[in-house]
Structures are given as C-alpha cells and as structure tokens.
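Protein chains in written order, with my numbering: chain A, 10 to 523; chain B, 15 to 423.
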Amino acid sequence: MVINAAGRSVPTEVNGEAQIPYLGVGKFKPTGRRYGPPLESCADFPEDGNKLVPSLKEALIQAGFKDGMTISTHHHFRNGDIVSNQIFDIAHEMGIKDLRWYPSASFPCHEPLIKYLEDGTINRIEGSMNGALGKFTSQGGMKGIGILRSHGGRYQAVQDGEVHIDIAVIAASSADSFGNANGVNGPAASGVLGFALADSQYADKVIVVTDNLVPFPCYPWQIQGNYVDFTVKVEKVGDASKIVSGTTAVTKSPDRLLIAELTAKFCEATGLIYDGFSYQAGAGGTSLSIGIYFDEILRKNQWKARFVRAGSNQYPVKMLEDGIIDYIIDGQTFDMEGVRSIRENSNHVPSSPFTSYNYHGKGNFASMVDVVILGATEVDVNFNANVVTHSDGYLLHGIGGWQNCLFGKTVILPIPLFRDRIPVIRDEVTTLCGPGELIDVIVTERGIAINPLRTDLIEKAKNSNLPIKTIEELQAEAEAICGKPQNPQFEDEVVAIVKWVDGTVLDSIRKIKQ
Amino acid sequence: MENLEQKCVLGNFGDKVRSDCRVEVEYTSQGGRQLDIKSKVAVMYGESILKLVQDILDHFLISDIKLKLEDAGALPWVIAARIEAAIKRVYDVKAEFLLPVLPQNKLESSKERSRFSRLYLPGNTPSMMINAGLHKPDGVILDLEDAVAPEKKYEARFIVRNALRNVDFYQTERMVRINQIPAGLHDLEFIVSHHVNLILIPKCESALQIREVNNKINALQQQTGFKYAIWLMPIVESALGVIKAYEIASASPNVVAMAIGLEDYTADIGTLRTEEGTESFYARSAVVNACRAAGIQPIDSVFSDVSDMEALARNVQQSKRLGFDGMGCIHPRQIEVIHQNYAPESKEILKAQRIIMAFDLAISQGHGVVSLGTKMIDAPVVKRAQNTLQTAIKLGVISENWKTTFEQN
Numbered sequence: 010m011v012i013n014a015a016g017r018s019v020p021t022e023v024n025g026e027a028q029i030p031y032l033g034v035g036k037f038k039p040t041g042r043r044y045g046p047p048l049e050s051c052a053d054f055p056e057d058g059n060k061l062v063p064s065l066k067e068a069l070i071q072a073g074f075k076d077g078m079t080i081s082t083h084h085h086f087r088n089g090d091i092v093s094n095q096i097f098d099i100a101h102e103m104g105i106k107d108l109r110w111y112p113s114a115s116f117p118c119h120e121p122l123i124k125y126l127e128d129g130t131i132n133r134i135e136g137s138m139n140g141a142l143g144k145f146t147s148q149g150g151m152k153g154i155g156i157l158r159s160h161g162g163r164y165q166a167v168q169d170g171e172v173h174i175d176i177a178v179i180a181a182s183s184a185d186s187f188g189n190a191n192g193v194n195g196p197a198a199s200g201v202l203g204f205a206l207a208d209s210q211y212a213d214k215v216i217v218v219t220d221n222l223v224p225f226p227c228y229p230w231q232i233q234g235n236y237v238d239f240t241v242k243v244e245k246v247g248d249a250s251k252i253v254s255g256t257t258a259v260t261k262s263p264d265r266l267l268i269a270e271l272t273a274k275f276c277e278a279t280g281l282i283y284d285g286f287s288y289q290a291g292a293g294g295t296s297l298s299i300g301i302y303f304d305e306i307l308r309k310n311q312w313k314a315r316f317v318r319a320g321s322n323q324y325p326v327k328m329l330e331d332g333i334i335d336y337i338i339d340g341q342t343f344d345m346e347g348v349r350s351i352r353e354n355s356n357h358v359p360s361s362p363f364t365s366y367n368y369h370g371k372g373n374f375a376s377m378v379d380v381v382i383l384g385a386t387e388v389d390v391n392f393n394a395n396v397v398t399h400s401d402g403y404l405l406h407g408i409g410g411w412q413n414c415l416f417g418k419t420v421i422l423p424i425p426l427f428r429d430r431i432p433v434i435r436d437e438v439t440t441l442c443g444p445g446e447l448i449d450v451i452v453t454e455r456g457i458a459i460n461p462l463r464t465d466l467i468e469k470a471k472n473s474n475l476p477i478k479t480i481e482e483l484q485a486e487a488e489a490i491c492g493k494p495q496n497p498q499f500e501d502e503v504v505a506i507v508k509w510v511d512g513t514v515l516d517s518i519r520k521i522k523q
Numbered sequence: 015m016e017n018l019e020q021k022c023v024l025g026n027f028g029d030k031v032r033s034d035c036r037v038e039v040e041y042t043s044q045g046g047r048q049l050d051i052k053s054k055v056a057v058m059y060g061e062s063i064l065k066l067v068q069d070i071l072d073h074f075l076i077s078d079i080k081l082k083l084e085d086a087g088a089l090p091w092v093i094a095a096r097i098e099a100a101i102k103r104v105y106d107v108k109a110e111f112l113l114p115v116l117p118q119n120k121l122e123s124s125k126e127r128s129r130f131s132r133l134y135l136p137g138n139t140p141s142m143m144i145n146a147g148l149h150k151p152d153g154v155i156l157d158l159e160d161a162v163a164p165e166k167k168y169e170a171r172f173i174v175r176n177a178l179r180n181v182d183f184y185q186t187e188r189m190v191r192i193n194q195i196p197a198g199l200h201d202l203e204f205i206v207s208h209h210v211n212l213i214l215i216p217k218c219e220s221a222l223q224i225r226e227v228n229n230k231i232n233a234l235q236q237q238t239g240f241k242y243a244i245w246l247m248p249i250v251e252s253a254l255g256v257i258k259a260y261e262i263a264s265a266s267p268n269v270v271a272m273a274i275g276l277e278d279y280t281a282d283i284g285t286l287r288t289e290e291g292t293e294s295f296y297a298r299s300a301v302v303n304a305c306r307a308a309g310i311q312p313i314d315s316v317f318s319d320v321s322d323m324e325a326l327a328r329n330v331q332q333s334k335r336l337g338f339d340g341m342g343c344i345h346p347r348q349i350e351v352i353h354q355n356y357a358p359e360s361k362e363i364l365k366a367q368r369i370i371m372a373f374d375l376a377i378s379q380g381h382g383v384v385s386l387g388t389k390m391i392d393a394p395v396v397k398r399a400q401n402t403l404q405t406a407i408k409l410g411v412i413s414e415n416w417k418t419t420f421e422q423n
C-alpha cells in the first residue's frame, strides 16, 4: 500500500496486476500505443454475411468460452437487462470458473449473480457494484478485488490494454445477421449503444444478441458488423419498459424542488447561463427539475442552449423540439421519448464514452460543457466528493460518467444537507471519487457553498440575495440538527478500488467491520 | 393518571417512513433495562441513540423495562418524544423529558406581523416539519386536529411539543392548531410553556370558547410562572360560527386574526365547495367584515388542489379582492404563489411610496400635518403605507433602500 497524491492509501498491486497510484489531475501521462485486437481475414467469415449461430451458449462455446476469461456486457437496458445473467447461467452450467465480469454498469436485476460470485463462477466485477452487489462486495464476499471505473475510464482501460476483453456480448434491440446493430429500432429499443463501442472495437470475440433480426442492412449501424464474430437471435433481448428507472422522474419533493430552484437561481445570478451555453443534464429527480428551470430561464430571455449533454429523456427532448436547444449529445437514453427522438431527430446525436469522456484521447466533450449538474453521496470540507459508498461505509453505487463530467467548466452538486439524519458534508469523504479542485459549487436546501478556488463565482454571487455560506458553516448547521456522526469501522482488507479517469488508483474501499 | 397499559407501541415505521421511529415499551419489574435498538443510522449514531435512551430512562427513574426501538433516521427530539409518550402509557411518571430549547425558538411574534401564508404540518409526521421553515411561509401550523388520525392524537402532542422547542422554523411564526374545544383544552398543556406563538382554535362558535382557552393559558402560565404573549386565531367553520363572527373576533385582545374553514362550512350549509366560491361568498365577506370591525386580520381557507397553481393564483386574487390578508396552505409549493398574489400591486406600492416621502418631508420640515398634493394624510394611512412597503421589501418587489432611488413625478 502507498499513499497517493490525494493522501489516500491504495494498493500497488490488484488482482496480480501492478497499479499506478493517483498522481493528481492531469499529471499521469500515458506512453506507448493503443491496444490492438487480433487481425482477422474476411475469408474466414461467411461471404453471405450470415454469422447467425443457434443460441447464446453455442456462440459462447464457439468464441472459446473458458476459465479466467473477461466477459463484457452493457447497461443500456438498465434494470431490464436479461442477457448478462444468462451468460453466467451458461458458465455455471458448463462449470466454467474465475470469470471477470466487465459490465458498463450493474443494476438490481443482477442480484442473482451473487450466487456465482459465491461459488467462484465469477471471480470479480470490474465496472460498478450497485445495491445488493455492492453490499456483498463490502462484506468481503467477492473472491477478487472489484475495480470501479467511470464510463470514460472503462473506454480508456480497454483502449490502453489495461483490460483485455475476451468475449463481448452486445445486446441490441435491432441487428442483421452480419452483426450491424442499433438500439433505436425493435420492440426493446433502448436508445444509444455507445457503451458497447470499445468492446466491439477491442474484444477478441464479439457476439451480438438481438430479438429483432432484420435483413441486411440494419441501419443506423451504431455497432458495425465488421467487428462482430457471431450473431444470435433470442426470444427477448431486454425489457425496454425497465430502462425508465425511478431516478428519471421529476421530483415532487418540495425540499428537492427548493434545491433545484436555488441551483437555477445561482446559475442565473452568476451569469453561468447565457445565449449559446451548454449543460449536462443528469438523471435524478433534482437534476431533471433543474433542467426545467433552465428551460424557463432560456425561454424568458429568448436564449438558446447550443447543446445539452445527456442522459436524454422527455424534458430535453421537448426543449430540442421547441427549438430551445440546438443539439442533444446523448450518451444513454433514459426514457422512451429519448429513444423516439434519437431515432427521428438528426440533432439528437448519439455519442459514446470515446467522444465524450475518454481521457486518453485528443480531447473529449466533457471539458467543453459550461454547467454540469451532478449528485454525490458525500462531500467533504475540501469539496472532495464520493458517489460510490454511503457514510455507513457500504458500496452501493457505480461511478457512471460522474468522474468524467467533473471536467466541465463549472461543476455543481445540488444535494440535501442531510438525508434521514445522515449529514452529507463530512470532515473527510468515506471514499474519494472526485478531487475537490474540480468541484465548484455545493447547493443545499440550507445554503450554497462555493469552492474558494472559484473567486470569480464568489465575486459574482456577492450581490445576489442567495444564501451563500462557507462549506464549514453548512457542515455545522447539519451537525447542529443531526449530531456529529461517528465514522464507519473497516477491516484492513481492500475489497475494491476506485480508478481515476486516467487509470491511476484514486482510493480503496475496505471490508466493513461486522 | 389515566389507566396504565402493560405494553404500548407508538410511532411510525415501514418501508416508506423516514426520519421517524417505532417504539415498543413493555412493563416489567425485574431484569433491568432490556433494550433492543435497531437503527438505519446505527453506524453513524448508534452510540448517541443509546445514550439518549439511557438518559430518558434515568430521567424517569426507570430501572426495569423492555424497550424496543426501530429507528429510520429519526432526529433526537423525535426519538425522545416517541419514547416519552410510550413510557407514560405504561409507567406512572409525571415529569417531561425535554431537550434544551433552541434560542431562536424563544422569540415571540408580533401582533401585526404579516400572515399571508401558514403551512399546515400534520402533528404526527416529524419528517415534514424538519425543512418546513425553509420554504418561508409566514407561519407553520403544527396540526393536532384534522391532520392527525384519532388513534395518533396522543403521541402527536409529544411530537408537537418537542418540535416547538427543537425544530428551527427559520423566523416563521410557530402556530399550533389544537383540537375542538373542549378536547383542545388538554392540548394546551403540551404547548403553552413551550414557546408557541399562536394557537388556532378550530370550529369556533362563540366568544366563550375563546375565554375558555385564555383561562387555561393563564392558569398554565401561572402554574409555571412563565408568561409571554400567545396570540389566537379562531377558525370559523359553520353557519353558526359565521353568524357569531364579530363576537368571536372581538372576544379578547390576543385574538389577532380569524380564519374561515370552507370545507366544513360548505358541508354545514349543505352544499359543495366550488372553485368560483359563490356558495361561500356571504360567509367570506361576513368574516372579513367582522375582522375589520374588530381590527384583526381576516384569513382565508386553504386551497386544496396542490397541483393546480393557476387555479390557486386565481383563488388568491379573488381572496385579496374580498379583503382577506392571507390563507392557509397544505403544500410548500403553494407558498410562493400565495405571497406573490397577496403582494401589493405596483400601483399600491407607488402610492405608498409617495405617502411615505410626503411624510418624511413633513417631519423634516417640522410640519405636524402631512399632505400629498391637495389631500391631507392622517396617521392610519401612513401606517398602512408603511405596512405595504414593508411587505413589498420582504417579497423583494422593491429594495430596502428604495428611497435613495425614488423619484417624485
């Protein structure tokens, strides 16, 4: 273990692989060349383009499914994912062990995989460990050490050769037998397939699974068949009704609406919103409400936003269709209106973690966004933030695009000052996911704290009638109401690590002391 | 003492319940303190919760008890209220267990303060109280009456008492709606010594009821030796109440406002409440008139469709035209709409500004008489102009320093 540049104790070796400790924002410079998958010849593939095999199991066998492999899947069906669980049912049935599961995110629907983590079918998850999987990890149940990466960090790890994917399984709502695939057509349409891009480009073997097989060409081809080894037709590829998760409905909570309103007022008062500005609209009730306030401010001033980075849903889609925003640049689609829009509207642009988030590229869209609204489970008095563990020490969430979005010009975290007695501002975050130097403003229902580094915002907010306070004042206010919390107790054992966007190790998550 | 029970279960608990707890107390005369404490925030607050429970038991000198606490992030004042209420059903104890009162909750409210909005908060739902003041209503009403189920009324009194002491409502006026007289007289024992600013008396039909409340307040204040101003706002909710409006409004100097409750009133006269409100026009006007005659604030009924802000705005505009000074609300999002629509209009503000400028001029020139143009301005008009401007400043319609930029024209 070493102490990294953020003052966190992190391992130098994880799952037998050497790790570089976090060096600071923008400090680690990669060298060498991108990873290259094996060369192939089209002579080895059917001339008629038909790569269909009878079943997912058959495709996995033909792809050389065996012990110790890395299997990747994607989360565009969110809680309606079906295929991931099927892969490991097959592995279990075949007696295959020690797999590394490399999902772009996990959801409550993946809880059945705990039994395979217990029996050694799956050695570890690298991606996200949400809900029950997170709790299981925190209790030390996983055999290997989990690795949490951002969406951009996932692309970076594959591209840099840090993670070698043996078999990528891409579930698509529409595909042809050649492997061209998209997520916008078919009964299980789920929107963008951007998370699967890296896997299609870099995995040894690529399997496309669909329930809506169309004659060539399947267009738009978000995934290109030239990367694909096998195609499989199944009865049902995913449950599109579950891509709308609970966090994509506008909040009705008066307290959260108050936070959303304060956030919008802050952006207006400090000139962050202007004609031609851009913002990131996250999922989550508060973020969605902020989008609605932004909409009002834009309309009132007869301004337009040039683009919105999304997670799209009905609200930005309405703004796009009303001409309030010029473009939606979309990484994932949160509801059916989003799916419809991306299918019909050429200004609703699908994007991938390569274009928007990958840190080891020649720029990315994340740093061009004016205002970024994000959530957090905790922040500390140095503006560091946590999104993966709760104050009780349990791992419960993935990083998603959160770390990547921190590179936006102004990053705002609208969060309640306490949740059911649990204060959100700590002396030190339980797990460090985002360095404080990248986090500019914390908006709570009891006041707004501006990072002292942002003297420009402090100056501009001075003459507003907004409740500007120091982060220490906010912390004291919460603790006066809730009491000073004790810290969770951990064992020494590291159960997971948090990677920074450049592949270095930002923090460790330890086993909960029972 | 009421009849004691062997075992008592109180509080709220379940998947959807937050910031609250469930308490089970069972009598035993042996075996010491048998505590079973489960908390969703045990990692952060396990030790302090245990200490609180022990402190409460020490306070009541209880050495043998079976106590089970299931906590979903309740704040200490909530846990304390629930445990005290449960203990008093099972053990013969008299004293109160009180956490230190917040200094800001000792402030009294002024008789003339603005009462545009008052937010109803169910008395047994602490989670709704914690952030209520942040939405800046003029007043919060901790409701012991219709918003509390009959079987929860007992424990709600403890919650309301502790909320009056320990929840920061951020400069809003702290009101309690007691139960209908005579049952409501018992509620007074839980609020009178705990800094309540104003008491709402529901279904009021006579001056006698006001006197009964005042007699009980006086008796309690004499008993504790702790005297401060407690204002009353009777609510007229029946045909008889409307007939007696002036008698009630003028019953005592501490009656500062009178409200009308239209749900009960319309039922009493045998009709249904409509948005246009023609059926209650007489009653509303009668209440306004009685209040004005008695020199107190007339307050309108709540508007119950919390999703329709446009209908609420129309309702408030109508209410203002009828002469009301405020209305109740049942959802925080209604507050801003209510304030905006009761707010003085620009014509009113301009007139008030002219009056104040003329008044200032008269003072600076040593004149005893204020005049604006050819009109003489008397003291109540100046006072009303001051009130209008204070309200406009509070709502951010004009700046506090408006005089520096005000141009006579």
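We put the beta carbon where it would ideally sit given N, CA and C, even for glycine.
Quick one: is Arg32/B near chain A, going by C-beta distance under 9 Å? yes
By the DSSP assignment, the alpha helix (DSSP H) with Gln165/A in it spans what residues? 160-168
Determine which residues of the stretch 147-176 of chain A have a Cβ less than 9 Å from any Cβ of chain B, and write them out in chain order. none
Going by C-alpha to C-alpha distance, which of Gln311/B, Ser318/B, Asp319/B, His345/B sits closest to Lys479/B? Outside the shown range of chain B, which is 15 to 423, sits residue 479/B, and nothing can be said about it.
Is the stretch 498-514 of chain A close to the stretch 149-166 of chain A, with three or more CB pairs under 8 Å? yes
Neighbour flag for Asp264/A against chain B, beta carbons, 9 Å: yes
If you check the beta carbons only, do Leu386/B and Ala406/B fall under 9 Å apart? no
Using only the alpha-carbon positions, how far apart do Trp509/A and Gly162/A sit? 7 Å
Straight-line Cα distance separating Val348/A from Phe303/A: 22 Å
Should the stretch 245-260 of chain B be called in touch with the stretch 269-285 of chain B, which here means at least 3 C-beta pairs below 8 Å? yes
Quick one: residues in its chain with C-beta nearer than 6 Å to the C-beta of Ala72/A, no 5 flanking neighbours on either side, listed in chain order? Ile176, Lys214
Per DSSP, which residues does Thr419/A bridge with? Please list them. Val380/A
For Gly155/A, which beta-bridge partners are listed by DSSP? Ala505/A
Going along chain A, which residues have a C-beta under 7 Å from Met58/B? Ser400, Asp401, Ile431, Pro494, Gln495
Between the Cα of Lys241/B and the Cα atoms of Ile205/B, Cys22/B, Thr42/B, which residue gives the shortest distance? Ile205/B
Look at Leu405/A and Gly140/A and say whether their C-beta atoms are less than 9 Å apart. yes
Determine, using beta carbons only, whether Ile274/B comes closer than 9 Å to chain A. no
Residues near Val384/B by beta carbon distance below 6 Å, same chain, minus five either side: Ala372, Phe373, Ala376, Ile391
For Met15/B, collect the residues of the same chain with a Cβ closer than 7 Å to its Cβ; drop the 5 residues on either side in sequence, then sort them by chain order. Only weak support is given to the placement of Met15/B: the predicted model assigns it a pLDDT of 49, under 50, and the value that follows is read from those uncertain coordinates. Hits under 7 Å: Asp106.
If you compare alpha carbons, which of Leu422/A, Asp449/A, Met78/A, Cys414/A is closest to Asp107/A? Met78/A
Nearest CA to the CA of Gly285/A: which residue from Ala190/A, Leu307/A, Val237/A? Leu307/A
What whole-angstrom Cβ distance do Val270/B and Lys102/B have, given they're in contact under 8 Å? About 33 Å; that fails the 8 Å criterion.
Buried or exposed for Tyr296/B, going by 16 or more other Cβ atoms inside 10 Å? exposed
When you compare each of Pro47/A, Pro196/A, Ile518/A to Met10/A by their alpha carbons, which one comes out closest? Ile518/A
How would you list, in chain order, the residues of chain A whose beta-carbon sits under 8 Å from the beta-carbon of Glu61/B? Gln495
Using beta-carbon positions only, say whether Lys147/A and Tyr403/A come within less than 9 Å of one another. According to the sequence shown, residue 147/A is Ser rather than Lys. Yes, the pair counts as a contact, with Cβ atoms nearer than the cut-off.
Through-space distance from Leu246/B to Pro267/B, alpha-carbon basis: 9 Å
Given a threshold of 16 other Cβ atoms within 10 Å of its Cβ, counted over all protein chains shown, does Thr342/A qualify as buried or as exposed? buried
For the stretch 441-454 of chain A, list every residue whose C-beta sits within 8 Å of some C-beta in chain B, in sequence order. Glu454
When you compare each of Val34/A, Ile29/A, Gln28/A, Gly16/A to Phe416/A by their alpha carbons, which one comes out closest? Val34/A
How is Met143/B classed by DSSP in three states: helix, strand or coil? helix
Which residues mark the beginning and the end of the beta strand (DSSP E) in which His6/A is found? Residue 6/A lies beyond the range of chain A shown here (10 to 523); nothing can be said about it.
Determine the direct distance from the alpha carbon of Glu387/A to that of Pro444/A, and round the result to whole angstroms. 12 Å
Using only the alpha-carbon positions, how far apart do Thr440/A and Asp182/B sit? 31 Å
Counting C-beta neighbours from all protein chains within 10 Å, is the total for His85/A 16 or more, i.e. buried, or is it exposed? buried
Return helix, strand or coil for Arg43/A, following the three-state DSSP convention. coil
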